[in-house]
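Remarks on the structure that follows.
Residue numbers (this note's numbering): 12 to 374.
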């Protein structure tokens, strides 16, 4: 075989060890860190050896399958020199550099597909369960705060109803014939009654306990009617009693029964005709009318020019008119008695107090 014959096939070149890729030392950017890493031996990478002869069908002369990719042929047909420079970045495999903590953002391992979704699902289920537990605890707390009636709640209701009954009883004995001192005490008791009554609606036992709530509603209906009556009656009674005291101060007996005092009486009662309570006003109006009937008769009786028969007739007329005052007074008392009984709280208040006492004893 003539080596100078250009038609001869190329001889296979002896395998040359691939030069090691130059290693670039790690250069820290800020603080130098010394890392001592033992050098691992790098195995030489063998260069692919071209086949001795290839046929036009891509098979060797020995019938073996041709490689999928043939090595690139020299376009000049000259044998490849072993002294040709080798690209260290393509042919040779670079040695594995030791990993440095924090040196690469891609140093963290990739997450396992599906693992993150499962974690989210677990977190979601845990959050739902936790929320249900929180809601259940909140519902229980709400129940004990708003719906559970304790012994202390019943005790508060008992104390309040007792205080209310005392204030109500203090103003329950007043009438049109009461003195000013009695009326003043009743006015104070009535004001205290309204203050204590307003506290009942805030008591938990009366709002939550069904039995007590029914008793309280029955009482509250009556209490509203009683207060509506009292708000008008108490100031009217105060003015009425004051007027009666002024009339009584004019004196009593035949010596005080004069036309002057009759006129003063008329003026006193006319001064309170604007009172709000209808029962008291009806009596005042009747009294003024009666005294206006009496006034001319008493003047005839007082006149020295009047005859005995005229005086007798005048006294008879005065007696008849005075009976009207007595009738008006009786009507006023009957009407006030019926009205106060209609708005009386005794039954409903006692029923509420008994129910609260029973609940307190059982608790």
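Even for Gly, the Cβ is constructed at its ideal location relative to N, Cα and C.
Rounded Cβ spacing between residue 243 and residue 288 (contact assumed at less than 8 Å): 5 Å
Assuming the contact rule is C-beta atoms closer than 8 Å, residue 277 and residue 247 should be a hit. Round their C-beta distance to whole Å, please. About 19 Å separates the two Cβ atoms, so there is no contact after all.
Reference residue 181, options 254, 194, 314 and 210, closest by Cα: 194
Nearest neighbour of residue 330, chosen from 222, 374, 268 and 241 [CA to CA]: 268
Taking 8 Å as the limit between beta carbons, can you name the residues of its chain near residue 189, skipping five residues before and five after? 197, 248 and 252
Do the segment 227-235 and the segment 203-218 make contact, defined as three or more Cβ pairs closer than 8 Å? yes
Segment contact flag, the segment 364-372 with the segment 217-226, C-beta cutoff 8 Å, min 3 pairs: yes
Please classify residue 126 as buried or exposed, where buried requires at least 16 neighbouring CB atoms within 10 angstroms. Residue confidence is low: residue 126 scores 49 on pLDDT, short of 50, so the model does not pin down where it sits. No coordinate-derived value is stated.
What residue range is occupied by the uninterrupted alpha helix (DSSP H) comprising residue 372? 357-373
Taking residue 230 as the reference, give the member of 374, 265, 354 and 370 with the closest Cα. 354
Cut-off 6 Å between Cβ atoms - residues of its own chain near residue 302, not counting five sequence neighbours on either side: 273, 276 and 277
Quick one, are the C-beta atoms of residue 227 and residue 371 less than 8 Å apart? no
Spatial neighbours of residue 162 within its chain, please: CB distance less than 8 Å, with the 5 preceding and 5 following residues excluded, ordered by chain position. 371 and 374
Under the rule that 16 or more other beta-carbon atoms within 10 Å means buried, what is residue 357, buried or exposed? exposed
What is the DSSP secondary structure of residue 264, counted as helix, strand or coil? coil
Distance, Cα to Cα, residue 321 vs residue 312? 7 Å
Inter-residue spacing [alpha-carbon to alpha-carbon] between residue 300 and residue 205: 37 Å
Take the Cβ of residue 295 as the centre, count every other Cβ of all protein chains shown within 10 Å, and call the residue buried at 16 or more, exposed below. buried
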